[in-house]
Amino acid sequence: NNCTDNCTANCTIECQNNGTCTGNDTCTCTDGWTGDICDTPNNCTDNCTANCTIECQNNGTCTGNNTCTCATGWSGATCTIGCTGMFSNQTTYTTDTNPISLVLADVDSDNQLDIIVANYGSNNVGVLINGGNGTFLTQITYTTDTNPYSVAVVDVDTDGKLDIIVANYGSNTVGVLLNAGTGTFLAQTIYATDTNPSSVVVVDVNSDNLPDIIVANYGSNDVGVLINAGSGTFLAQTTYITDTNPIAVAVVDVNSDNQPDIIVANYGSNDVGVLVNAGSGTFLAQTTYTTDINPHSVAVADVNSDNLPDIIVANYGSNNVGVLLNGGSGTFLAQTTYTTDTNPYSVAVADMNSDGKLDIVVANYGSNNVGVLLNAGTGTFLAQTTYSTDTNPYSAAVADVNSDSKLDTVVANYGSNDVGVLIQC
């Protein structure tokens with residue numbers, strides 16, 4: 001039976017390198033070996049299972065499906081990325097020129113979040129597919145119009161696949177790139193906007209179960225609403241006046257009438273505007289609330305646990321974030337500000353430390369870091385803790401990209417032409 005050691009009576013194969021053979025001709029291999037007869041090195045010397053073909057470093061433990069469970073203070077596919085505080089040091093992935101906006105979404109239906117990034121300087125969007133364990137494949141690019149400034153990912157044609165919508169700042173259009181399957185995309189279809197669309201959100205504003213496009217037109221001081229006409233096509237925009245240089249838009253029901261309202265950051269007039277939904281996807285004139293200097297990004301979420309969504313704004317020119325608590329009926333209190341680093345460009349809100357309270361994550365463009373401001377309760381926030389990025393982080397998104405139930409942060413580094421992934425430890 002060609003078996004001289006480590007065999008059972010009915011074994012017809014010989015397991016090499018101290019592997020153990022069972023009666024059904026199956027070898028159980030020792031660490032460092034794999035294959036039917038344990039004759040193939042598997043580059044694994046410790047903390048491995050028999051079928052592991054990778055080595056987990058720094059006391060990480062490898063399971064049979066080649067996944068490392070890392071020890072405290074380490075992350076990454078093989079536990080080689082050291083952690084400082086909340087996050088590991090960032091891992092970067094190359095984009096095209098001037099990545100300015102990004103979204104995390106599962107575009108290839110594999111239950112892993114991918115990165116979609118607008119490359120302002122090269123007139124395209126890049127799709128970086130999640131390769132597992134929070135790592136990402138080389139980007140695939142799709143042509144847009146001039147200077148894509150903002151990107152959203154939503155199923156606009158109701159086929160169960162997520163599509164890309166991009167605001168093309170330099171050509172005064174929005175582009176819709178339909179998902180062709182497995183995370184590939186068709187050529188864009190464009191729709192006219194007003195001047196310099198700088199932010200795009202896709203939400204059903206007229207209650208017909210079809211997502212509509214809402215865009216902030218920076219150069220013409222208005223927001224445009226493009227109603228979904230079905231099959232992923234859109235009607236001509238209807239515009240609503242804002243203050244000066246609307247640069248960022250969010251769409252959330254702020255007055256509890258089950259109709260999503262528009263919230264816009266007016267960069268040039270130092271305020272946020274709230275346009276209440278009047279029904280059927282039409283909107284009332286804005287009500288404005290004062291911010292600090294040059295509000296550049298806006299998020300809307302309930303940060304004080306009163307079941308009313310509040311406004312959080314990144315004030316680029318005054319190096320802080322402002323929190324405007326909802327006073328009820330869609331009105332807002334005067335902002336409270338919290339210091340950031342230099343030139344906060346983008347803000348996200350999520351429960352980063354799993355305490356049931358929403359925290360603030362801000363991309364500090366001028367100081368090359370992201371700041372995390374933990375919620376201290378009742379909508380107040382602690383001083384930020386910062387984590388290094390590459391050059392000029394312009395946009396930040398928060399989600400669990402490595403399926404460990406902890407929220408990670410991904411940033412678009414405008415000045416170094418890459419995206420940075422900070423895995424939570």
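Take the sequence shown: its position 5, counted from the start at 1, is 5 in UniProt numbering, and no numbers get skipped.
Heads up, the beta-carbon is just placed ideally off N, CA and C, and yes, glycines get one too.
Residue environment, T193, which counts as buried when at least 16 other CB atoms sit within 10 Å: buried
Separation of Q286 from D243, as counted between CA atoms: 9 Å
I100 burial status per 10 Å Cβ neighbour count (16 or more: buried): buried
Given 8 Å, three or more beta-carbon pairs between the region 270 to 283 and the region 336 to 355: no
Three-state secondary structure assigned by DSSP to C68: strand
Neighbourhood of D36 by C-beta distance below 7 Å, restricted to the same chain and skipping five residues each side: C27
Residues bridged to D359 [DSSP beta-bridge criterion]: A350
Nonlocal neighbours in the same chain, by C-beta distance under 7 Å from I164, ignoring five residues either side: I116, V125, V151, V153, L177 and F185
Beta-bridge partners of G420, as assigned by DSSP: T92 and V411
Proximity below 8 Å, CB of S207 to CB of Y169: no
Cβ neighbours of G19 in the same chain (closer than 8 Å, five flanking residues each side left out): N6, C27, T28, C29, T30, W33, I37 and C38
Closest Cα partner of I423 within the set A397, Y414 and G415: A397
Paired residues, beta bridge with A181 - DSSP: Checking the sequence, you will find Gly at residue 181 rather than Ala. Partner(s): T184.
Reduced DSSP category for C83 - H, G, I as helix; E, B as strand; rest coil: strand
C-beta atoms of V205 and V223 nearer than 8 Å: no
Per-residue burial, V410 [other beta carbons within 10 Å of its own, 16 or more giving buried]: buried
For Q384, the nearest candidate out of I54, Q16 and G85 (CA to CA): G85
Helix, strand or coil at P260 [DSSP, three-state]: coil
Of the residues D212, T61 and N255, the one placed nearest F234, counting alpha carbons only: D212
Beta-bridge pairing of T61 - partner residues as DSSP gives them: T69
Inter-residue spacing [alpha-carbon to alpha-carbon] between T94 and Q112: 20 Å
Nearest candidate by alpha-carbon position, reference N320, set D114, V362, N123 and G356: V362
Beta-carbon contacts of S318 that lie in its chain and below 8 Å, excluding the five residues immediately before and after: D292, I293, N294 and T337
contact_flag[the region 389 to 403, the region 54 to 71] where n(CB pairs < 8 Å) is 3 or more: no
Spatially closest choice to V174 from P393, P148 and Q57, by CA coordinates: P148
D341 vs L325 beta-carbon contact at 8 Å: no
Inside the region 106 to 171 only - beta strand (DSSP E) runs reaching at least 3 residues: 114 to 119, 124 to 128, 130 to 132, 140 to 143, 148 to 154 and 163 to 168
Local Cβ density within 10 Å of G359, reported as buried at 16 or more and exposed below that: Reading off the sequence, residue 359 comes out as Asp, not Gly. Under this definition D359 is a buried residue.
CB contact flag (N343, G328, <8 Å): no
Euclidean distance between Cα positions of N1 and T40: The predicted model places N1 with a pLDDT of 48, which falls under 50 and marks its position as unreliable; any figure quoted below should be read in that light. Their backbone Cα atoms lie some 21 Å apart in a straight line.
Bridge partners - D222, DSSP secondary structure assignment: N217 and I241
Euclidean distance between Cα positions of V347 and T189: 29 Å
Which of helix, strand or coil DSSP assigns to L210: coil
Residue environment, I241, which counts as buried when at least 16 other CB atoms sit within 10 Å: exposed
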